[in-house]
Amino acid sequence: MKKKLLNSVVAVTLVAGVLAGCSDGGSGSASNQGSATAPADQAKGANKEERTLNMMTGVVGGKTPEENTQFEKEIERLTGIKAKINKPASDYDQKLLAAIAGGEKFDLLQVSKDMMNKLIAQGVLTPLTDQVKGSKTLSDPNVLPTQEWDQLKTKDGKIYGVFTKFQGGTMPIIREDWLKKLNLQEPKTLDDYYNVMKAFTEQDPDGNGKKDTYGLSTAGLNDVQGFFAAAGLKQRYVEKDGKLDVPYSTDAAIPVYEWLNKLYKEGILDPNFATNDTGKMRNAFLADRVGIITYWDAWVGLLNNARLQQDPNTKFEAKGLPGVTDPSGKNMLRRGDPDVWVIPVNAEHPKTAFEFIEWWHTQPGITLGSLGIKDQDYTEKDGKYELTQAGKEHASDHGVPFWYNKSVQPAFPKLKGVQEAQDLVMKYATVELTPPNWADAEKIINEYSFKAILGEMPAADAVKKMREQLKAKKLID
């Protein structure tokens with residue numbers, strides 16, 4: 001109820017700003033305004049508004065508040081746009097909604113597709129369809145592949161957001177070095193995974209002489225698609241014959257819940273899985289406390305890089321896996337909802353915001369979003385790049401670890417294990433279907449899934465109750 005009230009306040013706040021005549025709708029392309037690095041397709045002189053941006057981002061920007069200020073200055077150096085970046089350290093969506101409800105006006109927001117859908121439903125985002133079609137940069141299939149736009153279009157074909165980066169997918173990530181140490185084969189079936197996880201729990205893979213490891217850790221139900229694939233079940237929603245359903249609430253999911261409950265009862269599954277956030281899960285993996293986690297493909301490389309920076313001689317090796325095969329031998333991974341740039345309807349500088357979005361997909365924008373700040377994160381001479389110590393620690397990720405633009409080549413090879421993990425995603429993963437009411441459904445799914453996994457309720461009963469609740473609240477058809 002509190003979240004619904006906050007969402008209503010957000011909608012009223014933004015719409016009220018429009019009624020007060022605080023902004024232009026942002027139609028048409030923005031211009032260079034003399035910026036040497038702005039996209040060439042900007043109509044000269046079209047942008048008469050002040051070249052200032054008030055932005056709120058989740059991952060784009062500096063790694064610390066101090067570096068975030070330097071990031072703002074780098075944007076101004078490269079584009080001539082004075083940017084103010086509000087980048088919360090945690091609880092991004094809640095703080096975003098609270099900031100807007102408090103009356104703060106933003107020109108540009110970085111949000112998930114899920115959040116974008118909610119804001120579209122509230123009527124508080126500027127449609128960008130015409131601007132995207134009229135932009136030589138964003139309509140170029142070598143910059144943003146044509147088929148990828150299908151992820152973002154509404155049912156009536158409108159575009160409200162533009163990709164911030166290439167979004168990969170999730171999968172089981174395993175300690176390959178532990179697998180080799182214990183002379184085990186990579187798992188393929190649920191039974192295989194059970195045997196490997198049991199060995200990781202009981203056979204002292206970290207070699208400290210203590211029974212202090214777990215076979216599996218997760219952050220709730222995030223990214224467990226690779227296990228439910230055993231029953232051919234897709235995460236979140238599916239749509240068939242115009243009807244919406246949640247596969248994790250069907251009888252076919254019962255054996256997977258029972259399998260997870262077995263892991264929990266035998267001490268193989270991290271007992272904190274239900275309350276873990278992703279940071280705690282990652283830290284357990286890096287600290288040799290767990291052998292398998294479920295997370296993003298990009299983190300295969302980031303995890304390897306983190307340990308390599310600590311110890312150049314480390315034997316640590318993270319590796320992405322394709323998950324469990326279904327009875328027909330097929331794999332099914334999850335490709336995550338993309339992060340997007342959106343422009344609120346009450347933005348005071350909508351043309352400058354769209355100019356920035358276009359610039360973000362050019363060489364200098366991608367360099368800033370990946371390598372970071374020149375002379376702080378990297379140095380460049382005669383086209384050759386070198387990371388500073390800070391740059392190495394930041395792992396070439398200031399919001400854009402990977403991108404679409406084929407004309408922009410990476411300055412450095414991808415981190416260890418990333419390419420192989422991305423290949424698995426492109427081969428086996430599909431995008432989730434996330435309706436605006438997903439948050440309400442997720443609460444019910446989590447409640448009864450956790451009861452089944454923790455053994456507080458038989459899996460069959462938990463699935464039955466889950467389905468009854470989803471139907472009662474009209475969250476499935």
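Under full-length UniProt numbering, the residue at position 172 of the sequence shown is numbered 172, and the numbers go up by one with no gaps. Ideal Cβ placement from N, Cα and C applies to all residues, glycine included.
In this structure, the CA atom of residue 50 is about 8 Å from the CA atom of residue 352. Boundaries of the alpha helix (DSSP H) around residue 389: 389-394.
Counting along the chain, residue 243 sits inside the beta strand (DSSP E) bounded by residues 243-245. Put simply, of 348, 311, 396 the residue whose alpha carbon is nearest the alpha carbon of residue 48 is 348.
For residue 90, the closest C-alpha among the options 56, 83, 103 is that of 56.
Exclusion of the five residues before and after residue 322 leaves 331, 424, 428 as the residues of its chain whose Cβ lies within less than 6 Å of its Cβ.
Contact between residue 417 and residue 336 fails: their C-beta atoms lie close to 18 Å from each other, not under 8 Å.
The region 276-294 and the region 188-201 touch, with no fewer than 3 CB-CB distances between them shorter than 8 Å. Under the three-pair Cβ rule at 8 Å, the region 219-231 counts as touching the region 169-180. In the same chain as residue 334, and ignoring 5 residues on each side of it, the C-beta atoms closer than 7 Å to its own belong to 169, 170, 223, 225, 235, 429, 432, in chain order. Annotation: the continuous beta strand (DSSP E) that includes residue 239 extends over 238-240. Rounded to whole angstroms, the gap between the alpha carbons of residue 444 and residue 472 is 11 Å. Judged by their CB atoms, residue 60 and residue 399 are nearer to each other than the 8 Å cut-off.
For residue 190, the uninterrupted alpha helix (DSSP H) segment begins and ends at 190-202.
Counted as a single uninterrupted DSSP element, the stretch harbouring residue 266 is not any beta strand (DSSP E), since DSSP gives it neither H nor E.
In the DSSP assignment, residue 469 falls within the alpha helix (DSSP H) that extends over 459-472. Burial state of residue 186 is exposed, judged by a 10 Å Cβ sphere holding fewer than 16 other Cβ atoms.
Per DSSP, the continuous beta strand (DSSP E) segment holding residue 83 begins and ends at 82-86.
The region 456-465 makes contact with the region 245-254: 3 or more CB pairs, one atom from each, lie closer than 8 Å. Note on residue 240: under 16 other CB atoms within 10 angstroms of its CB, so exposed under the neighbour-count rule. Contact fails between the region 73-81 and the region 307-321, because fewer than three Cβ pairs, one in each stretch, are under 8 Å apart.
Our two residues, residue 451 and residue 257, have alpha carbons roughly 10 Å apart in a direct line. Relative to the Cα of residue 406, the nearest Cα in the group 361, 277, 83, 188 belongs to 361. The alpha-carbon separation between residue 369 and residue 63 amounts to approximately 12 Å.
Taking C-beta separations shorter than 7 Å and ignoring five residues to either side along the sequence, the partners of residue 357 in its chain run 162, 341, following chain order.
The C-alpha of residue 177 is placed about 15 Å away from the C-alpha of residue 201.
One alpha carbon belongs to residue 278, the other to residue 220, and they sit about 9 Å apart.
Per DSSP, residue 77 is one residue of the alpha helix (DSSP H) stretching across 65-79. The criterion of a C-beta distance shorter than 8 Å is satisfied by residue 421 and residue 297. In terms of CA proximity to residue 203, 183 leads the group 191, 188, 192, 183. The continuous alpha helix (DSSP H) containing residue 307 extends over residues 298-310. Fully enclosed alpha helix (DSSP H) runs of no fewer than 4 residues occupy 113-121 of the region 94-130, in order along the chain. Taking all protein chains shown into account, residue 79 has 16 or more neighbouring C-beta atoms within 10 Å of its C-beta and is therefore buried. Using a 10 angstroms sphere on the CB of residue 426, the tally of other CB atoms stays under 16, which defines it as exposed.
With respect to the 8 Å criterion, residue 208 and residue 436 are not classified as neighbours on the basis of their beta carbons. Non-local C-beta neighbours of residue 138 in its own chain, meaning closer than 7 Å and more than five positions away in sequence, comprise 132, 144, 162, 358, 361, ordered along the chain.
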